[in-house]
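Heads up, the sequence shown stops at 147 in the working numbering, and the numbers go up one at a time, no gaps. Using N, Cα and C, we set each Cβ at its ideal position, and we do this for glycine too. For clarity, every value in this text was computed on a predicted model and none was experimentally measured.
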Amino acid sequence: MFVSDILRTKGGSIHSGTPDMTVGRAANEMTGRKIGSLLILDGGRIAGILSERDIVRGLATFGAECLDGPVTQLMTRGVTTIGPGATIAQAMEIMTQGRFRHLPVMDGDTLAGMISIGDVVKYRLAEATREVEEMQKYVQGQYD
């Protein structure tokens, strides 16, 4: 199973902000959309990613004043991406090794979407459920 399978199921919508966006506005956007990160785009290119974790670290380090500053102060630069042809296992490995929960999907030079660890887990659970159902059918002699 591939990253493209997740995108086909969830769609390719991407929630993003710009480098001049304040951290407070980004936090409000994330809260309103019930998402854990915003991809920061500059002229259509990935400049960074701002996660809930980045905001919490900023608050702990700089205090509430960081909410009035630009996302560039807190965002993670050098964002790791994955291609749509990568396997779900590869995505899980990248997320686990990098200790992050959101992974932009690049199809060549085009931003195709973003997957989260929740998307990956949901997809794997559905896949495991299908496998169990198929095995039950086989054991019961209902398998074609």
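(message) Using a Cβ distance threshold of 8 angstroms, determine whether the stretch 66-77 contacts the stretch 18-25, with at least three qualifying pairs required.
(response) yes
(request) With a threshold of 16 other CB atoms inside 10 Å of the CB of Ala94, please say whether the residue is buried or exposed. (result) If you number the sequence shown from 1, residue 94 lands on position 91. Answer is buried; the Cβ neighbour count reaches 16.
(message) If the criterion is Cβ atoms closer than 8 angstroms, does the pair Phe5 and Gly88 meet it?
(response) Walking along the sequence shown from the start, residue 5 turns up at place 2. Walking along the sequence shown from the start, residue 88 turns up at place 85. A contact, by the Cβ cut-off of 8 angstroms.
(message) Taking the alpha-carbon of Thr84 as reference, which of Pro107, Asn31, Arg127 has the nearest alpha-carbon?
(response) Residue numbering aside, residue 84 sits at position 81 when the sequence shown is read from its first letter. Out of Pro107, Asn31, Arg127, Pro107 has the C-alpha closest to the C-alpha of Thr84.
(request) With a threshold of 16 other CB atoms inside 10 Å of the CB of Gly101, please say whether the residue is buried or exposed. (result) Along the sequence shown, read from residue 1 onward, the residue named residue 101 stands at position 98. Its Cβ having fewer than 16 others within 10 Å, Gly101 is exposed.
(request) Return the residue from the list Arg104, Glu136, Gly121 that minimises the CA-CA distance to Arg56. (result) As a first step, residue 56 must be located in the sequence shown, where it is residue number 53. The residue with the shortest Cα to Cα distance from Arg56 is Arg104.
(message) I'd like to check one pair, Leu44 with Ala29: are the Cβ atoms closer than 8 angstroms?
(response) Residue mapping note: residue 29 aligns to position 26 of the sequence shown, counting from 1. Residue mapping note: residue 44 aligns to position 41 of the sequence shown, counting from 1. Cβ atoms of Ala29 and Leu44: not closer than 8 angstroms.
(request) Look up Asp110 in the DSSP assignment and give the residues it is bridged to. (result) Looking up residue 110 in the sequence shown gives position 107. In the DSSP output, where bridge partners are listed per residue, Asp110 has Thr113.
(message) Rounded to the nearest angstrom, what separates Met98 and Ala92 at their Cα positions?
(response) Within the sequence shown, numbered from 1, the residue matching residue 98 stands at position 95. Within the sequence shown, numbered from 1, the residue matching residue 92 stands at position 89. Answer to the nearest angstrom: the Cα atoms are 10 angstroms apart.
(message) Please tell me whether Ile17 and Gly116 are closer than 8 angstroms, where the distance is taken between their beta carbons.
(response) On the sequence shown, residue 17 is found 14 positions in, with the first residue counted as 1. On the sequence shown, residue 116 is found 113 positions in, with the first residue counted as 1. Contact flag set, yes.
(request) Please state whether DSSP places Leu42 in a helix, a strand or coil. (result) Within the sequence shown, numbered from 1, the residue matching residue 42 stands at position 39. It is a strand residue.
(request) Starting from Ala149, follow the alpha helix (DSSP H) in both directions and report where the run begins and ends. (result) No answer is possible for residue 149: it lies beyond the span of the chain, which begins at 4 and ends at 147.
(message) Just to check my reading of the structure: Ile9 and Val123 have Cβ atoms closer than 8 angstroms, yes? What is that Cβ distance to the nearest angstrom?
(response) Position 6 of the sequence shown, counted from the first residue, corresponds to residue 9. Position 120 of the sequence shown, counted from the first residue, corresponds to residue 123. 7 angstroms between Cβ atoms; contact.
(message) Could you check whether the Cβ of Arg102 sits closer than 7 angstroms to any heavy atom belonging to the ligand GDP?
(response) The ligand GDP is not among the ligands present in this structure, which contains no ligands whatsoever.
(request) Measure the C-alpha to C-alpha separation of Leu70 and Asn31 and round it to an integer number of angstroms. (result) For this step, residue 70 is matched to residue 67 along the sequence shown. For this step, residue 31 is matched to residue 28 along the sequence shown. If I take the Cα positions, the gap works out to 10 angstroms.
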